[in-house]
Amino acid sequence: MSLGHLLGILYLFMHYFLFIDYTAEAALSLIASIVIPIMLLYKQEVGSGKKASQDGEDDMLALPWHLEEEIRYEMKQRRRKERKLQTKDTTAAAQK
24 MSLGHLLGIL
34 YLFMHYFLFI
44 DYTAEAALSL
54 IASIVIPIML
64 LYKQEVGSGK
74 KASQDGEDDM
84 LALPWHLEEE
94 IRYEMKQRRR
104 KERKLQTKDT
114 TAAAQK
């Protein structure tokens with residue numbers, strides 16, 4: 024979250040809580056002015072993780088990029104372990 028976002032949120036809280044106006048319009052405006060920027064920030068954060076898959080895997084659109092990278096790393100490690108087990112099995116079968 025940048026300084027501009029923080030200042031904007033501070034302004035909204037000061038505006039709506041120091042100069043209180045108890046009307047339905049003000050309540051709806053308050054809700055919209057808090058919820059919509061949070062949704063946009065979340066969409067921006069999640070959207071930055073979208074990129075074309077490099078190794079043929081499906082894109083994980085709902086995850087931030089760092090989680091996506093962790094999952095890909097774990098999958099690569101799992102494949103390496105499976106390959107090692109397969110080579111051990113084939114060498115053991117060849118020796119018998």
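Start counting the sequence shown at 24; every next residue gets the next number (this note's numbering). Cβ coordinates follow ideal geometry from the N, Cα and C atoms, glycine included. Since we're looking at a predicted model, the values are computed, not measured.
Asked, Found
"Let's test the definition: count the other Cβ atoms within 10 Å of the Cβ of E91 and tell me whether it reaches 16, buried, or not, exposed.", "buried"
"Distance check for Y34 and I57, CA to CA, integer angstroms please.", "11 Å"
"Return helix, strand or coil for A75, following the three-state DSSP convention.", "Note that A75 scores a pLDDT of 46, beneath 50, so its modelled location is shaky and nothing firm can be said."
"Looking at L53 and H28, is the spacing between their C-beta atoms short of 8 Å?", "no"
"Under three-state DSSP, which class holds P60?", "helix"
"Using CA coordinates, which residue listed in E93, I94, H89, S25 is at the minimum distance from P60?", "S25"
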